[in-house]
Amino acid sequence: MPRFIPVLLLLFTLCSCQNQENAPEADADRAADTTAFVAQPQALAAREVPTLALGSPAPDFKLMGTDGAYHQLADYADSEILVVVFTANHCPTAQAYEQRLMDFTRDYAAKGVRVVAISPNSPLGLLYNELGYTDLNDDYDAMLIRHRDAAFNFDYLYDGDDHAASLQYGPVATPHTFVFDKARVLRYVGRIDKVERPGSANAEDLRAAVDDLLAGREVATPETKTFGCSTKWAWKTEYKEQVANEWAARPVSLESIDLAGVEELVKNSGTKLRLINLWATWCGPCVREYPEFLVLQQMYEGRDFEFISLSTDKPDQHEKALKFLEKVHSPVRNLHYSGQDVYELIEAIDPEWNGAIPYTLLVAPGGEVVYRHQAEVDFLELKRAIVDHPMLGRYF
1 MPRFIPVLLL
11 LFTLCSCQNQ
21 ENAPEADADR
31 AADTTAFVAQ
41 PQALAAREVP
51 TLALGSPAPD
61 FKLMGTDGAY
71 HQLADYADSE
81 ILVVVFTANH
91 CPTAQAYEQR
101 LMDFTRDYAA
111 KGVRVVAISP
121 NSPLGLLYNE
131 LGYTDLNDDY
141 DAMLIRHRDA
151 AFNFDYLYDG
161 DDHAASLQYG
171 PVATPHTFVF
181 DKARVLRYVG
191 RIDKVERPGS
201 ANAEDLRAAV
211 DDLLAGREVA
221 TPETKTFGCS
231 TKWAWKTEYK
241 EQVANEWAAR
251 PVSLESIDLA
261 GVEELVKNSG
271 TKLRLINLWA
281 TWCGPCVREY
291 PEFLVLQQMY
301 EGRDFEFISL
311 STDKPDQHEK
321 ALKFLEKVHS
331 PVRNLHYSGQ
341 DVYELIEAID
351 PEWNGAIPYT
361 LLVAPGGEVV
371 YRHQAEVDFL
381 ELKRAIVDHP
391 MLGRYF
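Using the UniProt record's numbering, read the sequence shown as starting at 1 and increasing by one per residue.
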């Protein structure tokens, strides 16, 4: 028997080493499961989507959250009441209710109430011009940013790939609230409260429904209508294509502007928030970021906003600049500085500008510069400068 002991020790050592070598790999695999999620919005056939009826059991789901993990109905089994709210980054109404939903979550957590928010919208069904009240769209990566920056105290789940959960619950708008009792039977469906503007209400309808259930009573008003942004189902693409075609049909032109014209430009005697970008065809960062400015125009053009491009190419490069604008399809007000002295242009635009391009400034009516940036811009920062300016805002 003793002669077998060294062999057994050797086998034990080899197995231990193999397990130690595999352990980090296994941990990495588990980590990859939570970090490697890539959203894949799918085209779906059009259909009618009924709203879940009162008295129905809560449909199960398995959705990726902004915490990088999948969530399902069973994860909330220990809660006395489950509140499922369908919401969306882009929607002004939904944004107006974010703080109220966080306040509700905080106030009712100790009472055994859990809140889970689900974004039902497909990025395929969302138009640029529906983003006029936001800095973020409704894709998964944007949800990560909203959850982080708003410091949501509830789970925020993505259902934009195939509407797996949303088709079962049937939210007609964002926000749309579903309240389930301990047995996960639907006892309330409808609005959070009746006043959209922040500071005007405190989720009274939702609180009343939950208070009734916690007290063992029937919900006094179990169903209400809900006002908000329509759900962006994946099959709602016809209007998106129409809007894209209308944008593509707009003409592209390039207008010369002299020094006096530039001075008037930055005075902004108009009534809109004016975004000006100075660029040139020979400037790599300029041409790389330029298409994103056109996205901003499409997002905010329905509001008090305008984007104007100003080429700093030499006066004899007018056709070259126009060719670039046609290539990227820039149907906005495009200007080309016709003066010979670029230093006069620098002083006319902004004395704080040192002359390097790209250069971007946001000018309020009357000439107040509310945002300026030299080099490529952070477009999330710029969107926030636009939408959070008092002339625009995130709510109706």
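From the three backbone atoms N, C-alpha and C, an ideal C-beta is built for every residue, glycine too.
Requested in this report: Just mark T271 as buried or exposed, buried being the case when its beta carbon has 16 or more other beta carbons within 10 Å.
Outcome: exposed
Query raised in the report: With DSSP run on the structure shown, which of helix, strand or coil describes Q242?
Result: helix
Query raised in the report: In chain order, what residues of the same chain have a beta carbon less than 6 Å from the beta carbon of T231, not counting five sequence neighbours either side?
Result: P120, P171
Query raised in the report: By how many angstroms is the C-alpha of N277 removed from the C-alpha of V328?
Result: 15 Å
Query raised in the report: Where does K323 land, buried or exposed, given buried means 16+ other C-beta within 10 angstroms?
Result: exposed
Report task. Assign V377 to one of two classes, buried (16 or more other C-beta atoms within 10 Å of its C-beta) or exposed (fewer than that). Result -> buried
Report task. Counting only runs of 3+ residues fully inside the stretch 100-180, write out the beta strand (DSSP E) ranges in chain order. Result -> 113-119, 155-158, 176-180
Query raised in the report: Which residues does DSSP pair with W279 in a beta bridge?
Result: S311
Report task. Going by CA-CA distance only, name the one from Y188, R114, G190, L186 that's closest to N153. Result -> R114
Query raised in the report: Can you tell me whether A36 is buried or exposed, with buried defined as 16 or more other CB within 10 angstroms of its CB?
Result: exposed
Query raised in the report: Roughly how many angstroms separate the alpha carbons of E264 and V342, rounded to a whole number?
Result: 17 Å
Report task. Express the C-alpha separation of T177 and E196 in angstroms, rounding to a whole number. Result -> 14 Å
**Report entry** Cα-Cα separation, W279 to A96
**Finding:** 37 Å
Query - Where V49 falls: helix, strand or coil (DSSP) - result: coil
Query - Length at least 4, wholly inside the UniProt domain "Thioredoxin" (243-392): the alpha helix (DSSP H) runs in chain order - result: 259-267, 284-300, 318-328, 342-349, 379-387
Query raised in the report: Between L126 and E368, what straight-line distance do the alpha-carbon atoms span, to the nearest angstrom?
Result: 33 Å
Query raised in the report: For the putative contact between R184 and L63, defined by C-beta atoms under 8 Å, what is the C-beta separation to the nearest angstrom?
Result: So it is not a contact: roughly 16 Å between Cβ atoms.
**Report entry** Under 7 Å between C-beta atoms of H71 and L157
**Finding:** yes
Requested in this report: Please list, in chain order, all residues of the same chain as A164 whose beta carbon is under 8 Å from its beta carbon, the five residues on each side excluded.
Outcome: F61, K62, L63
**Report entry** K320 versus V262 - alpha carbon distance
**Finding:** 21 Å
Query raised in the report: Any idea what DSSP makes of L73, helix, strand or coil?
Result: helix
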